[in-house]
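Numbering (our numbering), first residue to last: 8 to 191. Backbone N, C-alpha and C fix where the C-beta goes; we use that ideal spot for every residue, glycine too. Below: the structure, in structure tokens.
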């Protein structure tokens, strides 16, 4: 991982084994993050541990940041460039505005955008702690009803509390969308 000056020293220290074993040839930060995210998704689905916990912690930070702004995910931004212009021109990067807009229009976006977006949505459903929109817009409900839950069980907990008066409509909409992805 000698050329990855774009990764923090801490990230390099905690994830060098995984990068050297699984992400050889990735030359950009986004490429390394996507490679490790794909590996983490496979880990969860197959109940494996190719990524050590110390690397997972670093990767979670990067994934949450990427979820907050499309600027941190150049491959998604590129695949969805025309869709962003078409559907999200009134939104600005940050606070997951562009990503939320694309998700709201997922059945209207181009095929390349849909493919990238679908991959991200699956990751968000399986590892909801990396989903900026869910974690920020449902924070009060998560704190009130799901604070004792394992982070991977947040969606299940929210689903069980979907009819609570304390759940904001914006959280409910996000939850419905995530549950549709989960069941598709």
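Selection 145, 122, 189, 133 evaluated against residue 174 yields 145 as nearest (Cα-Cα). Straight-line spacing of the CA atoms in residue 191 and residue 112 works out to 16 Å.
Remark: C-beta atoms of residue 95 and residue 108 approach each other more closely than 8 Å. Assigned with DSSP and collapsed to three states, residue 55 falls in coil, not helix or strand.
Excluding five sequence positions before and after residue 21, the CB atoms of its chain that fall closer than 6 Å to its own CB belong to 61, 62, 65, given in chain order.
One thing to note: residue 44 has its Cβ within 8 Å of the Cβ of residue 130.
With fewer than 16 other Cβ atoms from the protein chains shown falling within 10 Å of its own Cβ, residue 167 counts as exposed. Shortest Cα-Cα distance from residue 118 to any of 83, 58, 136 involves 83.
The alpha helix (DSSP H) runs lying completely inside the segment 72-136 and spanning 4 residues or more are 81-86, 88-94, 104-111, 118-133, given in chain order.
In this chain, the alpha helix (DSSP H) harbouring residue 140 covers 139-144. The three-state reading of DSSP puts residue 47 in helix, counting H, G and I together. If the five residues before and after residue 86 are omitted, its C-beta is found closer than 7 Å to the C-beta atoms of 119, 120, 123, all from its own chain and listed in chain order. Residue 99 and residue 125 have their C-alpha atoms spaced approximately 21 Å apart. When the five nearest sequence neighbours on each side are left out, the beta carbons in the same chain lying within less than 8 Å of the beta carbon of residue 103 are those of 74, 75, 76, 139, 140, 143, in order along the chain. Going by DSSP, residue 25 is part of the alpha helix (DSSP H) stretching over 16-29. Note on residue 34: under 16 other CB atoms within 10 angstroms of its CB, so exposed under the neighbour-count rule.
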